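Structure, as structure tokens:
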Amino acid sequence: MSSSSETVQERLAAIRGAIAAAAREAGRAPEDVVLTAVSKTFEADHIRPALEAGQRVFGENRVQEAMKKWPALREAFAGVELRLIGPLQSNKAVEAVETFDVIESLDRPKLARALAAALEKTGRTPRLLVQVNTGEEEQKAGVLPEAADAFIASCRDDYGLSVEGLMCIPPADQPPAPHFGLLRLIAERNGLHTLSMGMSADFETAVRLGATHVRVGSAIFGSRDAH
Ligand SMILES: *Cc1c(COP(=O)(O)O)cnc(C)c1O
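Just so it is clear: in the sequence shown, position 162 is 148 by this note's numbering, and no numbers are missing.
What follows is the structure, encoded as structure tokens:
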């Protein structure tokens, strides 16, 4: 699917087809799954063909990088939705809410407080997902699974933040399905509907397990080491 001779447009079409097939297999409507094209590390020139092919939802993992690349691209292409999928430092909360339409990495009280203040200050209302560290990995961002319910409630009750859903990044060395299942379970018991899960290697599994958003980078844009 991601052979390097294919164009970005061909890869996007193939991934859309695979998402639709996985959705139908699971008795879901293909249009209930949004493809987030993860464009981190790629220059605007590399991203433009995806925009020209009609892709509008993009993921970036650094605030600074997105602030540099996206204003001009947004100017050129209407209807872009930009999603922050990387860890966010609380001192960048204002820049983040000014740059992104969705922030997927809300994971601690200090950040909840900073985001609440940033919304107040800017009048912006980005949608928010709570990141869950389903693999309980030391080095990984995200609230621990057993702390998720309390944190989601605290975002709402203590900080006035409306949480739309959950995001996870399973451990690289484990089968992802149990992690996707756990994320879905936590979402269901908290009445949340948005599930951002699945990347290039496992997005079809994620769709079968209920993903509403899959985050696909290298399968669209190519290897990040090669540029
Ligand atoms: C980089 C990244 C992706 C995309 O990974 P690929 O394997 O290139 O598809 C998805 N989600 C997050 C959080 C990322 O940082």
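C-beta atoms are modelled at their ideal positions from N, C-alpha and C, and glycine is treated no differently. This one's a predicted model, so the numbers in the text were calculated from it and none came from an experiment.
Rounded C-alpha distance that separates residue i from residue j
i, j, result
"Ala99", "Val49", "Position check: residue 99 holds Arg in this sequence, whereas Ala was assumed. Computed Cα separation, rounded: 18 Å."
"Ser(-12)", "Gly146", "Reliability fails at Ser(-12), whose pLDDT of 46 lies under 50, so the model's placement of it is uncertain and the value that follows must be treated cautiously. Spanning the two alpha carbons is a distance of roughly 42 Å."
"Asp159", "Ala187", "12 Å"
"Asn77", "Ala104", "10 Å"
"Ala58", "Thr111", "22 Å"
"Arg175", "Glu190", "24 Å"
"Ala127", "Arg194", "25 Å"
"Asp93", "Gly109", "22 Å"
"Leu115", "Glu124", "21 Å"
"Ala52", "Arg42", "15 Å"
"Gly196", "Val19", "9 Å"
"Ile89", "Arg113", "6 Å"
"Ile1", "His165", "22 Å"
"Glu150", "Gly208", "30 Å"
"Ile5", "Ala12", "11 Å"
"Glu(-8)", "Ala192", "24 Å"
Terminal residues of the alpha helix (DSSP H) in which residue i lies
i, result
"Thr108", "95 to 108"
"Leu(-2)", "-6 to 11"
"Val149", "Careful: Val149 lies outside any alpha helix (DSSP H), inside the beta strand (DSSP E) at 149 to 153."
"Ile172", "163 to 175"
"Glu51", "49 to 62"
"Arg69", "Per DSSP, Arg69 belongs to no alpha helix (DSSP H); it is in the beta strand (DSSP E), 67 to 70."
"Ala82", "79 to 85"
"Arg14", "Premise fails: Arg14 is in no alpha helix (DSSP H) and is neither H nor E."
"Arg194", "189 to 194"
"Ala205", "204 to 207"
Extent of the continuous beta strand (DSSP E) to which residue i belongs
i, result
"Leu37", "From DSSP, Leu37 is part of no beta strand (DSSP E) but of the alpha helix (DSSP H) over 30 to 38."
"Phe44", "43 to 46"
"Ser91", "88 to 92"
Residues bridged to residue i (per DSSP)
i, result
"His199", "Val20, Ser182"
"Arg142", "None; Arg142 has no bridge partner."
"Gln117", "Met153"
"Val129", "Val118"
Original post:
Taking contact to mean at least 3 C-beta pairs separated by less than 8 Å, is the segment 22 to 36 in contact with the segment 187 to 204?
Top reply: By the Cβ test, the segment 22 to 36 is in contact with the segment 187 to 204, since at least three Cβ pairs between them sit closer than 8 Å.
Original post:
Between the segment 129 to 144 and the segment 77 to 88, do three or more beta carbon pairs fall short of 8 Å?
Top reply: Verdict: no, contact absent.
Original post:
Should the segment 150 to 158 be regarded as contacting the segment 107 to 123, the criterion being three or more beta carbon pairs within less than 8 Å?
Top reply: Yes, they touch.
**OP:** Collect the residues with a C-beta less than 7 Å away from any heavy atom of ligand 1 and give them in sequence order along the chain.
**Re:** Result: Val24, Lys26, Gly45, Asn47, Ile71, Gly72, Ile155, Met185, Ser186, Ala187, Arg201, Val202, Gly203, Ser204, Ala205, Arg210.
Original post:
Any contact of the segment 60 to 72 with the segment 30 to 46, i.e. 3+ C-beta pairs under 8 Å?
Top reply: A contact exists between the segment 60 to 72 and the segment 30 to 46.
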